[in-house]
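Heads up: the protein sequence lines correspond to chains G and F, in order.
Residues in the first sequence are numbered from 1 upward in steps of one, following the working numbering.
Residues in the second sequence are numbered from 1001 upward in steps of one, following the working numbering.
Note that CB positions come from ideal geometry on N, CA and C, so glycine has one too.
Contents: one structure, followed by commentary.
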Amino acid sequence: MSEVIVITSGKGGVGKTTTTANVGTGLAMLNKKVVMIDTDIGLRNLDVVLGLENRIVYNLVDVIEGKCRLKQALIKHKKYPELCLLPSAQTRDKDAVTPEQMIELVEELKKEFDYILLDCPAGIEQGFKNAIAGADRALVVTTPEVSAIRDADRIVGLLEANEMKKIDLIINRLRIDMVKRGDMLKVEDVCDILSINLIGVVPDDEQIVVSTNQGEPLVGTDCLAGQAYHNICQRVTGEEVPFMDLDAKKGVMSMIKGLFKK
Amino acid sequence: MKIMDFFRKKGSGEIAKDRLKLLLVSDRANCSPEIMEMIKNDIIAVISKYMDIDAQGLDIQITETESEGSNGTVPALFANIPIRDMKHKSAR
């Protein structure tokens, strides 16, 4: 049974694309057949985060308009042959696609893939409606900030109104040092306010910037964020994974090891 | 605000939580300022029939309150209506 998952947030810049890239890659590492669709028409980004920007020939709008076959537009990841990307069009706008066309496309992809991930654009307009149309479940990404949480709440409301079957929350960019000082919302507070199921907490990690610079998702690497994404992927597949202790102090040995790694 | 809160310095995380809780209640209620204004005017009209109230000082907002059942907090319409005179002109 394949599953269609939309990654959405309402607010821009909270990490939808990074989450999509890491969850997609992480699921492929778990030997699932995964396709990621960048639905942000006009502002395509998932390709660069994945390091696939030089291999784009056709895009989402070409497929929808019948200018190419679906297979031709899918870009296979070199490292993970089970991982594909359907890039968005850079020179068109969001109205080039309708929700009905997205549902049709997703149905076609369900025949081939275990997981179809839809990277949703920011906002609640046409692009959002297109992205959620064919989805079975949603991962709502937020950061522990008032603006992001407010938008996430609005998104949850809209998803519920559209009868989304399953909605899970990812809290991104948590800074445990600030939480301890009392200067950042706690994980429990965010869950309490939004009252939806938590599927993962990703700590703020410099390595995210490094991995995006290199075009290689960091899921599965031994940094905290890499582990957090790996755990999220396992939970997506239905496994029960305990939430990791973000507050764990680094031991002397691991600090020394860290010095030699460079 | 309780008096004790005044002396205890709140972390900004706590402030964020309190602000969000209030904000989301009114967001979820989907009440536009126009509708709130209409509700306010209707309340003034109804209560003015029975007593003399200070329409300028009237304050209404949507907040949340502990439910009497077991389902936690529920949205509530909070109205603060200053009464000028309990006895209405017509009753005198």
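#1: Have a look at G:L43, G:L109, G:T39, G:A96 and flag the residue whose alpha-carbon is nearest the alpha-carbon of L70 (chain G).
#2: What does DSSP give as the partner residues of I232 (chain G) in its beta bridges?
#3: Within the continuous beta strand (DSSP E) that includes R137 (chain G), where are the two ends?
#4: Can you tell me the Cβ-Cβ gap for L52 (chain G) and I75 (chain G), rounded? I've got them flagged as a contact below 8 Å.
#5: Closer than 7 Å by C-beta to C223 (chain G): which residues in its own chain qualify, once you throw out the five before and the five after it? Chain order, please.
#6: Output, in chain order, the set of chain F residues within a Cβ distance shorter than 7 Å of L185 (chain G).
#7: From the beta carbon of K262 (chain G), is the nearest beta carbon of chain F less than 9 Å away?
#8: Can you give the beta carbon distance from V140 (chain G) to T8 (chain G), rounded, assuming they're within the 8 Å contact cut?
#9: In the DSSP assignment, find the beta strand (DSSP E) that holds E125 (chain G) and state where it starts and stops.
#10: Kindly indicate if chain G contains any beta-carbon less than 9 Å away from that of K1087 (chain F).
#11: Once DSSP output is grouped into helix, strand and coil, what is the label at N197 (chain G)?
#12: Just the C-alpha distance for E104 (chain G) and A152 (chain G), rounded to the nearest angstrom, thanks.
#13: For I149 (chain G), return the contacting residues in chain F, with the cut-off set at a CB-CB distance below 7 Å.
#14: Does the beta carbon of V179 (chain G) sit closer than 9 Å to a beta carbon anywhere in chain F?
#15: Hey, quick one: how far does the alpha helix (DSSP H) through E160 (chain G) stretch, first residue to last?
#16: So the beta strand (DSSP E) L86 (chain G) belongs to, where does it begin and stop?
#17: Just tell me which of G:A96, G:E82, G:H77, G:E240 has its CA closest to the CA of V63 (chain G).
#18: Please report the distance separating the alpha-carbon of G215 (chain G) from that of M102 (chain G).
#19: When you compare the stretch 1025 to 1039 of chain F with the stretch 1064 to 1077 of chain F, are there three or more beta-carbon pairs, one atom per stretch, that lie closer than 8 Å?
#20: Just checking my contact of A148 (chain G) with T142 (chain G) at CB under 8 Å: how many whole Å lie between their CB atoms?
#21: Apart from the five residues on each side of it in sequence, which residues of its chain come closer than 8 Å, Cβ to Cβ, to T1073 (chain F)?
#22: Taking 9 Å as the CB-CB limit, is K1049 (chain F) close to chain G?
#23: Should V57 (chain G) be flagged as near chain F, meaning a C-beta pair shorter than 9 Å?
Taking the coordinates as given:
#1: G:L109
#2: BP columns for I232 (chain G) are empty, so no partner.
#3: 137 to 142
#4: 5 Å
#5: D205, Q207
#6: G1013, A1016, K1017
#7: At K262 (chain G) the pLDDT is 48, less than 50, meaning the model places this residue with poor confidence and gives no usable figure here.
#8: 6 Å
#9: No beta strand (DSSP E) contains E125 (chain G), which DSSP labels as neither H nor E.
#10: no
#11: strand
#12: 27 Å
#13: L1020
#14: yes
#15: 146 to 161
#16: 83 to 86
#17: G:A96
#18: 27 Å
#19: yes
#20: 5 Å
#21: E1064, T1065, E1066, S1067
#22: no
#23: no
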